[in-house]
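K.L.:
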Amino acid sequence: MSVCEFKPGLEGIPAAQSSISFVNGQEGILEYRGIRIEDLADNSTFLETAYLLIWGKLPTKDELIEFEHEVRYHRRIKYRIRDMMKSFPESGHPMDALQASAAALGLFYSRRDLDNPVYIRDAVVRLLATIPTMVAAFQLMRKGNDPVRPRDDLDYSANFLYMLSEREPDPLMARIFDVCLTLHAEHTMNASTFSARVTASTLTDPYAVVASAVGTLGGPLHGGANEEVIGMLEEIGSVENVRPYLEDRLQRKAKIMGFGHRVYKVKDPRATILQKLAEQMFDKFGYDKYYDIAVELERAIAEKLGHKGIYPNVDFYSGLVYRKMGIPTDLFTPVFAIARVAGWLAHWKEQLAENRIFRPTQVYTGHHDVAYTPIEQR
Ligand code: ACO
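Residues 2 to 379 in our numbering are what the sequence shown lists, from first letter to last.
1) Determine contact between the stretch 121-139 and the stretch 346-360, defined as no fewer than three beta-carbon pairs at a distance below 8 Å.
2) Under the three-state reduction of DSSP, which class applies to Ile274: helix, strand or coil?
3) Can we count Asn191 as close to the ligand ACO, meaning its CB is less than 7 Å from some heavy atom?
4) Could you please give the first and the last residue of the uninterrupted alpha helix (DSSP H) stretch that includes Gly257?
5) When the Cα atoms are used, what is the spatial distance from Thr1 to Thr200?
6) Give the straight-line distance between the Cα atoms of Leu106 and Gly145, rounded to the nearest whole angstrom.
7) Near Leu120, which residues of its chain fall below 7 Å by C-beta distance, leaving aside the five closest residues on each side in sequence?
8) Looking at Cys181: is its Cβ nearer than 8 Å to the Cβ of Val72?
9) Who are the near neighbours of Gly224 in its chain, counting only those whose CB is closer than 6 Å to its CB and skipping five residues on each side?
10) Return the residue from the list Arg198, Lys266, Val125, Ala303 that minimises the CA-CA distance to Ile55.
11) Grab the span of the beta strand (DSSP E) containing Asn25 for me, first residue to last.
12) Look at the alpha carbon of Arg250 and the alpha carbon of Lys305, and state the distance between them as a whole number of angstroms.
13) Look at the alpha carbon of Gly380 and the alpha carbon of Ala212, and state the distance between them as a whole number of angstroms.
14) Apply the 10 Å Cβ neighbour rule to Tyr373 and answer buried if 16 or more other Cβ atoms are within range, or exposed otherwise.
15) Would you mind working out which of Ser92, Lys350, Pro148 sits nearest Arg83, comparing C-alpha positions?
16) Quick check on DSSP: helix, strand or coil for Met2?
17) Report whether the distance from the Cβ of Val267 to the nearest heavy atom of the ligand ACO is below 7 Å.
18) Let me check you understand the geometry: is the CB of Gly224 closer than 7 Å to at least one non-hydrogen atom of the ligand ACO?
19) Helix, strand or coil: how does DSSP classify Tyr74 here?
20) Select from Glu39, Pro15, Glu228 the residue whose C-alpha is nearest the C-alpha of Ala272.
21) At a threshold of 7 Å, does Asn44 count as lining the ligand ACO (C-beta to nearest heavy atom)?
22) Between Thr50 and Thr183, is the Cβ-Cβ spacing less than 8 Å?
23) Less than 8 Å between the CB atoms is what I'm expecting for Arg77 and Pro151, so what's the real figure, rounded?
24) Please list the terminal residues of the continuous beta strand (DSSP E) segment that includes Leu31.
25) Please tell me whether, using a cut-off of 7 Å, the distance from the CB of His384 to the nearest non-hydrogen atom of the ligand ACO is below it.
26) By how many angstroms is the C-alpha of Ile358 removed from the C-alpha of Ile376?
27) Determine the direct distance from the alpha carbon of Met135 to that of Gln281, and round the result to whole angstroms.
28) Verify the contact flag: Met258, CB atom, against every heavy atom of the ligand ACO, threshold strictly below 7 Å.
Take a look at the structure:
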């Protein structure tokens with residue numbers, strides 16, 4: 002390949018060699034370390050999947066117990082971090098709060114002892130354990146309440162839902178939330194993962210790696226799309242309005258949020274699983290008219306844009322599930338981040354194992370030998 006062949010968005014250009022996950026976008030296949038996502042959704046838990054991604058194999062029973070135990074007992078955040086978060090403006094976006102808080106962990110733990118497996122393990126555990134606590138703490142503090150202490154008797158997902166609502170969640174709801182985390186844990190070389198790997202390649206600390214990835218995930222073309230899906234379904238308002246709304250958007254060449262993907266040209270397998278989870282939620286906890294609107298929109302888009310490979314992506318049904326759980330819309334992307342920390346950390350470790358600092362080239366399109374014009378002559 003010539004260095005002059007510029008590909009906007011680096012489409013089709015490998016940025017790393019990786020054995021963490023695999024996507025076949027034509028057939029709608031996603032695997033973590035070779036295991037199909039459907040298998041993990043049915044049989045695994047988020048923490049077990051995080052272990053698989055980060056250490057490259059499923060844990061034994063003892064390894065899993067030890068890992069869960071470590072994560073459980075590192076959930077509390079330092080008072081100084083909590084006090085710092087208290088000073089954040091309550092109108093600020095929770096993704097910005099999360100990015101700042103994740104970076105702030107580096108103030109306390111940034112020894113950058115990257116050759117030491119104990120440091121690596123410690124950072125993995127601390128980030129997986131504290132990111133949910135920070136998301137929940139900001140949610141309560143922006144409403145003027147004190148954060149809730151994590152509950153050691155609850156598992157990872159149930160504890161997060163508890164910290165958010167101050168109520169112990171229904172077990173089915175906690176299990177569905179855990180599956181959602183598993184589905185969002187990793188997805189090859191997406192924008193935030195690329196960002197994490199670029200940051201990791203400078204040998205900075207893992208807190209800076211996660212903070213930079215959180216910042217990248219927040220944009221509406223990436224993780225931020227799930228928030229916008231709910232706004233769109235509310236704007237459509239009824240099943241009858243789906244087609245007129247779609248016509249109008251397409252005429253204005255506007256994108257439909259939650260649809261399309263750089264890699265998948267069929268329905269994202271995670272969207273298929275999330276749709277089933279949404280149905281389980283509505284069966285148990287009550288009907289939601291926005292689900293019918295979503296299904297009709299999917300049908301209409303398949304007719305209009307199916308030939309371009311535009312189908313629901315992971316963000317389309319996740320918002321409906323989270324809304325039914327009572328999670329505020331602007332926490333959808335931070336919840337995505339809670340899950341994706343597992344993938345980012347796996348890529349951080351993989352990057353360190355064979356590191357070369359990222360330093361791509363560019364195609365220069367400017368001038369040469371331009372004379373400096375004194376300010377009074379401009
Ligand atoms: N609605 C309508 N048309 C679309 C959509 C969409 N959501 N997505 C792509 N298209 C069309 C484009 O208009 C374009 O058509 P054209 O060839 O006639 O001009 C064609 O499909 C290719 O689109 P690109 O934007 O070039 O595709 P790209 O691979 O760059 O973008 C992306 C992928 C960013 C995900 C895009 O599909 C999009 O913006 N979707 C909406 C936002 C969204 O849901 N993002 C979440 C992605 S999943 C994730 O990050 C977790």
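Where is the CB? At the ideal position from N, CA and C, for every residue including glycine.
Note that the structure is predicted; figures quoted are calculated from it, not measured.
P.N.:
With the structure as the only source:
1) yes
2) helix
3) yes
4) Checking the sequence, you will find Ile at residue 257 rather than Gly. From DSSP, Ile257 is part of no alpha helix (DSSP H); its letter is neither H nor E.
5) Residue numbering for the chain in the displayed model covers 2 to 379; residue 1 lies beyond these limits and cannot be assessed.
6) 23 Å
7) Residue 120 is actually Tyr in this sequence, not Leu. The residues are Arg112, Asp114.
8) no
9) Leu218, Thr334, Phe337
10) Val125
11) 22-25
12) 12 Å
13) Residue coverage of the chain in this structure runs from 2 to 379, which leaves residue 380 outside it and unanswerable.
14) exposed
15) Pro148
16) Bear in mind that a pLDDT of 49 at Met2, under 50, signals an unreliable position, so the model cannot answer this.
17) no
18) yes
19) coil
20) Glu39
21) no
22) yes
23) 6 Å
24) 30-33
25) Residue numbering for the chain in the displayed model covers 2 to 379; residue 384 lies beyond these limits and cannot be assessed.
26) 39 Å
27) 29 Å
28) yes
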